[in-house]
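These notes concern the structure reproduced below.
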Amino acid sequence: MYHELTKQEIRKRTYKRMAGLFAIVLAVVLIWLASNAIGASLREQGELSVRNAILSSAKQCCAIEGAYPSSLAYLEENYGLVVNRADYAITYEVFADNVMPNVVVLAK
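All residue numbers for the sequence shown refer to our numbering, where the first residue is 5 and numbers rise by one.
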């Protein structure tokens, strides 16, 4: 049997639909914010990991040869260092052979 909806029932249904829509939008926004935070954390960890690999290779070179390498290319050629230059911008500055180089790694 068909029965006509009252204004109160229509308001309840509208409220439930709006609450459901709001919950969905809120969930999407929270997921988006969480994914951005995770992505930023992964970029920072990647930068730190690349910097540590470069410094570790430089220390190994200093221990073996008695001086820090003059360039990043030297580490890549002679010590097997592999750096992803497509994802990271790297500056490798050497002051002197007996001073640890300054290494800055930034995600592109």
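Beta carbons are placed, not taken as given, at the ideal position from N, Cα and C, and that holds for glycine.
Please read all numbers here as calculations on a predicted model, not as lab measurements.
| query | result |
| --- | --- |
| C-beta atoms of ALA67 and LEU79 nearer than 8 angstroms | no |
| ASN88, DSSP secondary structure in three states | coil |
| PHE99 to VAL107 span [Cα, whole Å] | 12 angstroms |
| In DSSP terms, what ASN106 is bridged to | GLU97 |
| Cutoff 6 angstroms; reference ALA71; Cβ partners in own chain excluding five residues on either side | ASP101 |
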